[in-house]
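Worksheet: one structure, shown below.
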Amino acid sequence: MTGTKPHLSRAHALDLLRAMIRIRRFEAKCAELYTQEKIRGFLHLYDGEEAIAVGVIPLLTERDRIVATYREHGHALARGLPMGAVLAEMYGVAEGCAGGRGGSMHLFSREANFYGGNAIVGGGLPLAAGLALADRMRGEDRVTACFFGEGAVAEGEFHESLNLASLWQLPVLFVCENNGYAMGTALDLSEAVTDIRAKAAAYAVDGEVADGMDVVAVEAATRRALEAIRDTGRPRFLECRTYRFRAHSMFDAQLYRDKAEVEEWRRKGPIVRFQGWLEQSGLVHVDEIAAIETEVEAEIAEAVAFSEAGTLEPVEDLTKYVMAPERPLAPTAPAPSAETVETTYREAVRAAIVDAMTRDERVFLMGEDVGRYGGCYAVSKGLLSEFGPERIRDTPLSESGFTGAGIGAAMAGMRPIVEVMTVNFSLLALDQILNTAATYRHMSNNQFGVPVVIRMATGAGRQLAAQHSHSLEGWYAHIPGLRVLAPATLEDARGMLWTALQDPDPVLIFENVMLYNRTGRLAADAGPVDIDRAAVRREGRDLSLVTYGGSLHKCLEAAEVLAGEGIEAEVVDLRTLRPLDMDTVLASVARTHRLLVVDEGWRTGSLAAEIGMQVTERAFYDLDAPPARVCSAEVPIPYARHLEEASIPQVPAIVAAAKSLFGSR
Numbered sequence: 001m002t003g004t005k006p007h008l009s010r011a012h013a014l015d016l017l018r019a020m021i022r023i024r025r026f027e028a029k030c031a032e033l034y035t036q037e038k039i040r041g042f043l044h045l046y047d048g049e050e051a052i053a054v055g056v057i058p059l060l061t062e063r064d065r066i067v068a069t070y071r072e073h074g075h076a077l078a079r080g081l082p083m084g085a086v087l088a089e090m091y092g093v094a095e096g097c098a099g100g101r102g103g104s105m106h107l108f109s110r111e112a113n114f115y116g117g118n119a120i121v122g123g124g125l126p127l128a129a130g131l132a133l134a135d136r137m138r139g140e141d142r143v144t145a146c147f148f149g150e151g152a153v154a155e156g157e158f159h160e161s162l163n164l165a166s167l168w169q170l171p172v173l174f175v176c177e178n179n180g181y182a183m184g185t186a187l188d189l190s191e192a193v194t195d196i197r198a199k200a201a202a203y204a205v206d207g208e209v210a211d212g213m214d215v216v217a218v219e220a221a222t223r224r225a226l227e228a229i230r231d232t233g234r235p236r237f238l239e240c241r242t243y244r245f246r247a248h249s250m251f252d253a254q255l256y257r258d259k260a261e262v263e264e265w266r267r268k269g270p271i272v273r274f275q276g277w278l279e280q281s282g283l284v285h286v287d288e289i290a291a292i293e294t295e296v297e298a299e300i301a302e303a304v305a306f307s308e309a310g311t312l313e314p315v316e317d318l319t320k321y322v323m324a325p326e327r328p329l330a331p332t333a334p335a336p337s338a339e340t341v342e343t344t345y346r347e348a349v350r351a352a353i354v355d356a357m358t359r360d361e362r363v364f365l366m367g368e369d370v371g372r373y374g375g376c377y378a379v380s381k382g383l384l385s386e387f388g389p390e391r392i393r394d395t396p397l398s399e400s401g402f403t404g405a406g407i408g409a410a411m412a413g414m415r416p417i418v419e420v421m422t423v424n425f426s427l428l429a430l431d432q433i434l435n436t437a438a439t440y441r442h443m444s445n446n447q448f449g450v451p452v453v454i455r456m457a458t459g460a461g462r463q464l465a466a467q468h469s470h471s472l473e474g475w476y477a478h479i480p481g482l483r484v485l486a487p488a489t490l491e492d493a494r495g496m497l498w499t500a501l502q503d504p505d506p507v508l509i510f511e512n513v514m515l516y517n518r519t520g521r522l523a524a525d526a527g528p529v530d531i532d533r534a535a536v537r538r539e540g541r542d543l544s545l546v547t548y549g550g551s552l553h554k555c556l557e558a559a560e561v562l563a564g565e566g567i568e569a570e571v572v573d574l575r576t577l578r579p580l581d582m583d584t585v586l587a588s589v590a591r592t593h594r595l596l597v598v599d600e601g602w603r604t605g606s607l608a609a610e611i612g613m614q615v616t617e618r619a620f621y622d623l624d625a626p627p628a629r630v631c632s633a634e635v636p637i638p639y640a641r642h643l644e645e646a647s648i649p650q651v652p653a654i655v656a657a658a659k660s661l662f663g664s665r
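Going by UniProt numbering, the residue at position 389 of the sequence shown is 389; the numbering climbs one at a time, nothing skipped.
As structure tokens, this is what we get:
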């Protein structure tokens with residue numbers, strides 16, 4: 001790109017027209033194939049909006065990144081993804097650009113820096129901010145273009161992402177494809193202020209409105225925006241006012257608008273306007289347009305043939321790429337050091353962060369109050385002065401925004417540690433954790449991994465009442481695509497983080513709030529630890545006590561009480577909640593023939609239930625008694641201390657449950 005003025009030579013004009021016709025004809029063929037049930041699921045067509053993809057994307061460099069929407073066929077074609085690979089993806093065959101795993105709404109290409117569509121409205125905005133954050137931190141000359149519809153403006157992620165991009169001066173081109181309707185709701189029915197550019201201006205993001213039906217106007221506005229981003233490093237906002245000619249998706253009966261409205265917009269559509277002007281001005285001739293249409297139809301026919309001949313991925317590969325096919329080798333445990341230091345769990349976590357940031361300049365910590373405040377639980381106290389605000393990065397109170405930004409930065413090659421202040425707050429970021437971090441590797445057919453580490457405090461015991469006391473790690477352990485850790489010892493608090501940062505997939509670390517002040521001796525040379533295996537913390541012959549996190553030390557105490565009554569309990573610390581190391585659990589049960597699982601999660605649907613069922617399925621004949629469990633009471637955690645204590649597992653309840661497995665003994 002040179003200069004901000006459009007260079008509308010005859011050749012360039014033909015390229016613009018060809019690109020728009022190519023998208024339009026492809027979409028028409030997709031609609032036809034959908035009625036034949038060759039394409040299934042949701043199908044969101046781009047008819048009417050072609051001028052935006054064609055006016056924006058060719059101006060980006062190969063190094064620039066693109067985050068699209070669920071209506072991204074036009075974006076993918078404009079970026080240069082082969083039409084055959086795009087259509088094959090919509091067919092769900094292995095030759096698709098995501099191996100048939102993503103479908104119409106999730107097209108990917110690492111080679112083209114095309115980070116895919118996102119079926120969650122607004123879900124791609126934090127990802128774009130994170131990609132740009134990585135580029136800014138490394139000083140790379142890239143722009144991330146993020147496409148979204150006007151419906152996303154109502155989502156919190158829109159506001160959180162624009163605020164982050166402006167606050168941190170991130171090189172993002174936000175492109176709002178304002179087609180007037182969020183599914184079936186007109187803009188003036190969903191927004192009190194319909195001037196979307198004004199919303200961006202509220203976050204000090206400069207921008208302009210372009211006629212989204214005029215490809216030349218879109219291109220000119222994009223040139224200005226990109227030049228401003230590259231000159232200043234700051235984000236820009238481009239609102240393209242357009243109209244979709246077809247339904248929101250092929251399921252849509254379009255009862256919210258009449259045909260006359262659609263026809264009125266069709267008369268001023270981007271292809272009609274541009275082609276008409278070219279013909280009138282003599283820049284293009286009828287036979288040239290016919291040649292373009294013939295060429296496009298031949299490409300579409302070839303794409304259909306390619307897709308029809310596609311192969312189905314073997315069912316045996318169903319779980320392929322849920323996690324990375326290759327992971328680093330587990331670290332070798334060093335020989336016990338003769339030198340130890342007295343420390344706390346909190347200090348062990350802090351030492352792990354310092355170690356990671358010292359070893360690898362890609363590592364940075366981000367989250368609410370992690371810098372100047374020193375972290376809600378004082379874990380990061382003092383780190384701001386040691387590493388500076390770029391790497392100890394205070395964020396706004398916008399969990400979805402900054403967690404999504406961490407995910408994007410990880411995808412771009414950084415190694416962020418995202419701190420969510422408490423597990424309850426993580427629910428505000430659940431979209432980004434569940435729908436992006438956990439899905440991208442599998443959905444993109446291994447083109448994009450998300451090596452992010454997300455830390456959060458969990459558990460009850462500090463009289464913080466219901467909204468700050470939950471133990472939700474079992475919920476996250478339910479989600480394929482995540483690795484979930486629960487360090488309970490000083491060694492694990494110190495060593496798990498570094499190993500997690502080497503993992504190619506998203507890792508969630510749950511730190512029980514009752515452990516931060518726990519003291520003990522730790523080897524002076526303590527280092528990385530294995531995050532794949534459970535650990536037997538106490539050997540025994542009569543009973544397997546299986547637990548994790550804050551309940552480990554209660555189980556060890558209970559085991560001592562039981563030993564005084566002649567019951568030798570083996571205590572197994574799960575350490576990793578997903579994937580579960582059931583081999584260690586089963587080996588323990590094979591020795592003791594009894595199982596008691598202690599879990600701070602609620603009983604119904606608990607992790608304890610999962611472990612008990614797996615043992616029943618795989619080791620039923622090793623059991624001399626039914627599996628048992630001690631879980632939190634099915635109640636929001638109360639504030640009053642005596643009620644709080646009664647609501648979560650305690651030593652007496654563990655001892656009583658263990659003794660019940662021995663009948664009258």
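By construction, the Cβ of each residue, glycine as well, lies at the ideal position given by its N, Cα and C atoms.
Close beta carbons around R462, own chain, < 7 angstroms, minus the five adjacent residues each side
V513
Inspect the beta-carbon positions of A348 and A535 and report whether they are closer than 8 angstroms.
no
When the Cα of S544 is compared with those of F108, E32, G116 and T592, which residue comes out closest?
T592
Span of the beta strand (DSSP E), counted from its first residue to its last, around R65
R65 to V67
Beta-bridge partners of T144, as assigned by DSSP
R65 and V172
Endpoints, the alpha helix (DSSP H) within which R224 is located
V215 to T232
Note down the Cα distance separating G495 from V529, rounded to an integer number of angstroms.
5 angstroms
Roughly how many angstroms lie between the CA atoms of E89 and M105, to the nearest whole one?
10 angstroms
Under the three-state reduction of DSSP, which class applies to D542: helix, strand or coil?
coil
Alpha helix (DSSP H) containing S426: first to last residue?
V423 to S426
In whole angstroms, what is the alpha-carbon distance linking A152 and R241?
14 angstroms
If we count Cβ pairs, one from each stretch, closer than 8 angstroms, do we get three or more for the region 33-41 versus the region 94-101?
no
For M456, does the three-state DSSP call read helix, strand or coil?
strand
My output table needs one value for Y256: the three-state DSSP class, helix, strand or coil.
coil
Among A477, P506 and V484, which residue has its Cα nearest to the Cα of A410?
P506
Taking 8 angstroms as the threshold, find out whether the region 588-603 comes into contact with the region 631-639 through three or more Cβ pairs.
yes
Short check: CB of G212 to CB of R236, under 8 angstroms?
no
Where D599 falls: helix, strand or coil (DSSP):
strand
In this structure, what does DSSP give as the bridge partners for V418?
M366 and I454
Roughly how many angstroms separate the alpha carbons of A19 and G48, rounded to a whole number?
13 angstroms
Excluding the 5 residues flanking H75 on each side, which residues of the same chain have their C-beta closer than 7 angstroms to its C-beta?
A53, I57, I66, A68 and F147
Just tell me which of V597, E302, Y516 and H44 has its CA closest to the CA of M250.
H44
So L238 is in the alpha helix (DSSP H); what residue range does that whole segment cover?
First-last for L238: R236 to R241, but that is the beta strand (DSSP E), not the alpha helix (DSSP H).
Delimiting residues of the beta strand (DSSP E) encompassing L59:
Unbroken run through L59: none, as it is neither H nor E.
Using the rule of at least 16 other Cβ atoms within 10 Å of the residue's Cβ for burial, across every protein chain shown, is G474 buried or exposed?
buried
Compute the distance between the beta-carbons of D542 and A569, then report whether it is under 8 angstroms.
yes
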